[in-house]
Amino acid sequence: MAREWTRLCKGAGFAIDGDEIEVRFADERHQRVRVADEGDAFRVVGVVAQRAEVQRQEKIALRAWRRNRSTQLVGFRLDDRGRLVGESWVPKAGLSGEEFATYVRQVAAECDRLEYLLTGKDTE
């Protein structure tokens with residue numbers, strides 16, 4: 003069954019796999035984000051670091067909070083699995099494909115950037 007958000011991705015150059023979108027950047031880095039339908043909005047979530055990496059980092063909650071102060075559209079938090087994630091809520095009312103793609107790219111880019119700052123790797 004086609005998900006409502008997949009039609010918003012047409013022409014954006016995304017690779018869709020189930021409820022995930024893979025975003026590739028010009029420098030060959032990439033990031034996967036998951037899209038969830040939350041009724042009146044879509045929630046776009048990218049994993050920055052898995053639990054094991056989070057546990058190796060010092061003051062990760064404080065670092066995420068500081069990052070939240072400087073980013074727009076994307077917020078970072080520790081999820082219930084102990085991972086550091088970045089997410090954005092996208093209201094459906096009046097949503098265009100271009101706007102949805104902007105949110106998806108922004109979540110992917112911010113998660114990829116913070117992942118690199120924390121780990122120096124491109125793993126997610």
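Number 64 in this note's numbering belongs to position 62 of the sequence shown; there are no gaps in the numbering. A virtual CB, placed ideally from N, CA and C, is assigned to each residue, including glycine.
| Query | Result |
| --- | --- |
| Helix, strand or coil at V130 [DSSP, three-state] | Since the first residue shown for the chain is 3 and the last is 126, residue 130 is missing from the structure and cannot be characterised. |
| The segment 53 to 70 touching the segment 25 to 45, judged by at least three CB pairs closer than 8 Å | no |
| Spatial neighbours of A14 in its chain, beta-carbon cut-off 6 Å, leaving aside the 5 residues before and after | A103 |
| Beta-bridge pairing of G77 - partner residues as DSSP gives them | E89 |
| Bounding residues of the beta strand (DSSP E) (the contiguous stretch that carries A17) | A17 to D19 |
| Coarse secondary structure for C11, derived from DSSP in three states | helix |
| Option in Y118, V106, L86 and F27 with minimal Cα separation from T8 | V106 |
| Sheet register partners of Q59 (DSSP bridge) | DSSP output for Q59 lists no bridge partner at all. |
| Contact test: A54 Cβ vs the ligand ADP heavy atom, cutoff 7 Å | As far as ligands go, the structure on display features none, and thus does not contain the ligand ADP. |
| Inter-stretch contact at 8 Å, needing at least 3 Cβ pairs: the segment 108 to 119 / the segment 34 to 53 | yes |
| DSSP beta-bridge partners of F44 | D39 and V92 |
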